[in-house]
Amino acid sequence: MISDVPLGAFLSGGIDSSTVVGLMARHMDQPVKTFSIGFHEDSYNELKYARLTAKKFGTDHHEFFVTPDIWEIVEELAWHFDEPFADSSAIPTYMVSKLAREHVTVVLSGDGGDELFAGYTRYLVEQQRSGFANLPAFMRKGIVQPLSRRLPHGARGRNYLHNISLDPLDRYLDSVSIFTGLNKQLLYSEDFRRRLGGDGFIAARFRDYGMKVKTGEPLDRLLYIDSKTYLPGDILTKVDRMSMAGSLEARVPLLDHKVIDFVTRIPASMKLTGHETKHLFKRAIKDLVPEEILNRPKQGFGVPIQEWINQQLRDRLRDTLREPRTRQRGYVEPAYLDVLLDEHERGRRDHSMALWALLMLELWHRQFVDSPRASLSFAEATVNA
Numbered sequence: 006m007i008s009d010v011p012l013g014a015f016l017s018g019g020i021d022s023s024t025v026v027g028l029m030a031r032h033m034d035q036p037v038k039t040f041s042i043g044f045h046e047d048s049y050n051e052l053k054y055a056r057l058t059a060k061k062f063g064t065d066h067h068e069f070f071v072t073p074d075i076w077e078i079v080e081e082l083a084w085h086f087d088e089p090f091a092d093s094s095a096i097p098t099y100m101v102s103k104l105a106r107e108h109v110t111v112v113l114s115g116d117g118g119d120e121l122f123a124g125y126t127r128y129l130v131e132q133q134r135s136g137f138a139n140l141p142a143f144m145r146k147g148i149v150q151p152l153s154r155r156l157p158h159g160a161r162g163r164n165y166l167h168n169i170s171l172d173p174l175d176r177y178l179d180s181v182s183i184f185t186g187l188n189k190q191l192l193y194s195e196d197f198r199r200r201l202g203g204d205g206f207i208a209a210r211f212r213d214y215g216m217k218v219k220t221g222e223p224l225d226r227l228l229y230i231d232s233k234t235y236l237p238g239d240i241l242t243k244v245d246r247m248s249m250a251g252s253l254e255a256r257v258p259l260l261d262h263k264v265i266d267f268v269t270r271i272p273a274s275m276k277l278t279g280h281e282t283k284h285l286f287k288r289a290i291k292d293l294v295p296e297e298i299l300n301r302p303k304q305g306f307g308v309p310i311q312e313w314i315n316q317q318l319r320d321r322l323r324d325t326l327r328e329p330r331t332r333q334r335g336y337v338e339p340a341y342l343d344v345l346l347d348e349h350e351r352g353r354r355d356h357s358m359a360l361w362a363l364l365m366l367e368l369w370h371r372q373f374v375d376s377p378r379a380s381l382s383f384a385e386a387t388v389n390a
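For the sequence shown, position 216 (counting from the first letter as 1) is numbered 221 according to my numbering, and the numbering increases by one without interruption.
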C-alpha cells in the first residue's frame, strides 16, 4: 500500500480481485479507485459481480465496455508483446489498463491466487483423471496410444484414448495447451518440427519441474509447474506488458514472497477438497468478500473470442490465414490449417483458440520478421505499411 502516486485496483468480480480490493479498503483513508471491463455478450460479462464488490467497499468505481470493432487493437497487441502471444484476455487487460491510467498510475491486481490456492477447475479434472495412472505403462504406451493415433482426426473417442495413453504430467500439458500433442503432429511442418528438435521439449520441461516436488502430492506438482510456466509466461507477462503499454504500473500483492512462503507450506489437501477449488482461501476470506462472489463458479478473465472470430473478425482472420505468404512461412502444414478453418467455419468444431493463436503468430511475424521497421513505434511502423 506504499505509493507516492495515485493507487487503484483492477476489479474483475472474482474472488482474488475482490479480496485485494477489500483489503485495500481496510487500509486506505479514501475510497479505492476500481476499474472493470464489460462485454456486450452476457455470458462473458462479469460487471454485476464487480459492482457487488464495489458497492460493499464503497469504491470509486469505473467501467468500460469492449466494443466488437477490435481489429486495430489486435494488431497493437502483436506489437506490444514483441513475441507470439495468444492469450486473448490481453484485449480487456489492455483496455482496462488504459481506463485506469486516466485516474491512477499504479494498480493492484489479484493475479496469482489461482496458482497459489488451487483455483483452476483443471485441478479438479486432473484429480478425477488420476485413475488413468493405474493402467500399466505397457498398456498405455503399447496398446492405447497406437490405437488413438490410428483413428482419423475428429473421430469420436480419439482424444479420450489419447488422454488415457499419457503419463499424468504429459496429460496435464495437453490440458493446458491450445494444441495437444496429437494436434501438433498434424500442425507442425516437418521442417519446423526438425528445427525444434521434435515437439517434446516442453513436455520435458514439465517433467523436470514435476520431479522437483518432493511432497508426493500430485496437486503440488501441478501448482509448482503452473507457478514456473503458466503464471510467469502468460499471466504476469500479459499484465505487465499490457499495463506498461498503457503507461500504468501493475502490482500483484498475492505474489508477495511472504505469502508464497506461507502458502506453499500448506498441505494440498487443504487447498482442494471434494469438488471445491480454493477451499482454504475461501474459508479465510468468507467474512471479507460478498457471499455471491464467494460461491460463484470460476469464470476466469475470458473474452468472447469465439463470437468475435465467427462474426467481427471472421473475414480478416480467414483472409490473413489463407494468404500465400502465411501458408509459406514453414511453421504449419497448409493442409491442416485448411482443416481447422473449414471445420470451424462449418460449425463442426470450435477451433477459435487455435485460430486466434495462429493469427497472432502471423501478425507477429509480419511486424517483426517481415518488416524492416521493427525498431520503430507501433504508430511509426504501421504508417504506409
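Cβ coordinates follow ideal geometry from the N, Cα and C atoms, glycine included.
THR110 vs GLU254 beta-carbon contact at 8 angstroms
Yes. Within cutoff.
Does DSSP put THR64 in a helix, a strand or coil?
It is coil, neither helix nor strand.
Measure the Cβ-Cβ separation of PHE44 and PRO309 and say whether it is below 8 angstroms.
Yes, the pair counts as a contact, with Cβ atoms nearer than the cut-off.
Would you kindly report the start and end of the unbroken beta strand (DSSP E) that includes ALA91?
That residue, ALA91, is in no beta strand (DSSP E); it is neither H nor E in DSSP.
For LEU368, the nearest candidate out of GLN333, ASP343, ARG354 and THR325 (CA to CA):
It is THR325.
Can you name, in chain order, every residue of its own chain whose Cβ lies under 6 angstroms from the Cβ of ASN389, other than the five neighbours on each side?
Unreliable positioning characterises ASN389 in this predicted model, as indicated by a pLDDT of 46, which lies under 50. The coordinate reading is nonetheless provided below. Same-chain partners within the cutoff: there are none.
Could you check what DSSP says for ALA359 in three-state terms: helix, strand or coil?
Taken through DSSP and simplified to helix, strand or coil, ALA359 comes out as helix.
Taking the C-alpha atoms as reference points, what is the distance between ILE96 and PHE184?
C-alpha of ILE96 to C-alpha of PHE184: approximately 21 angstroms in a straight line.
Which partner residues does TYR214 have in the DSSP bridge list?
Answer is none; TYR214 lacks a bridge partner.
Can you give me the C-alpha to C-alpha distance between THR24 and HIS280, rounded to a whole angstrom?
In this structure, the CA atom of THR24 is about 22 angstroms from the CA atom of HIS280.
Alpha carbons only, please: which of ASP21, TYR125, ASP9 and ALA14 is nearest the one belonging to VAL294?
Here the closest residue by C-alpha is ASP21.
Which whole-angstrom value is the C-beta distance of LEU345 and ALA362, which I expect to be below 8 angstroms?
Wrong, their Cβ atoms sit about 10 angstroms apart, outside the cutoff.
Minimum C-alpha distance to PHE90 - residue among ARG212, SER376, ASP375 and LEU364
Of ARG212, SER376, ASP375 and LEU364, the residue nearest in Cα terms is LEU364.
Based on DSSP bridge pairs, tell me the residues matched to ILE42.
Per DSSP, the beta-bridge partners of ILE42 are PHE69.
Would the region 213-233 and the region 115-133 be scored as touching if the rule is three or more Cβ pairs under 8 angstroms?
When C-beta atoms of the region 213-233 are compared with those of the region 115-133, three or more pairs fall below 8 angstroms, so the two segments count as touching.
State the CB to CB distance for the pair TRP76 and LEU318, rounded to an integer number of angstroms; the pair is presumed to be in contact (CB under 8 angstroms).
About 7 angstroms separates the beta carbons of TRP76 and LEU318, which is inside the 8 angstroms limit, making them a contact pair.
Identify every run of the alpha helix (DSSP H) within the region 216-253, keeping only runs that are complete inside it and at least 4 residues long; order them along the chain.
Entirely contained in the region 216-253, the alpha helix (DSSP H) runs reaching 4 residues are, in chain order, 223-233 and 242-250.
Whether or not the region 235-247 and the region 264-271 are in contact is what I'm after, with contact meaning three or more pairs of Cβ atoms, one per stretch, closer than 8 angstroms; do they touch?
Counting Cβ pairs under 8 angstroms, fewer than three are found: no touch.
DSSP bridge partner residues for GLY13 (one or two, in chain order)
LYS38 and VAL112, per the DSSP bridge assignment.
Whole angstroms are fine: how far does the CA of LEU174 sit from the CA of LEU224?
As the crow flies, the alpha-carbon of LEU224 is around 11 angstroms from that of LEU174.
Hey, ILE42 and VAL101 are a contact pair by Cβ (cut 8 angstroms); roughly how many whole angstroms apart?
Rounded, the Cβ-Cβ distance is 5 angstroms, consistent with contact.
Cα separation between THR331 and HIS284?
In this model, THR331 and HIS284 are separated by some 46 angstroms (Cα to Cα).
Determine whether the beta carbon atoms of TYR341 and LEU187 lie at a separation below 8 angstroms.
No; because the gap between Cβ atoms is not below 8 angstroms, this pair is not in contact.
Could you work out which residue in HIS262, SER94, GLU338 and SER248 is closest to GLU195 when comparing CA atoms only?
Among HIS262, SER94, GLU338 and SER248, the Cα nearest to that of GLU195 is on GLU338.
Are the beta-carbon atoms of SER114 and VAL257 separated by less than 8 angstroms?
Their beta carbons are under 8 angstroms apart, which means SER114 touches VAL257 by this criterion.
Sequence-distant residues of its chain with Cβ nearer than 6 angstroms to ASP65 (five each side left out)
So the qualifying residues of the chain are PRO36 and LYS38.
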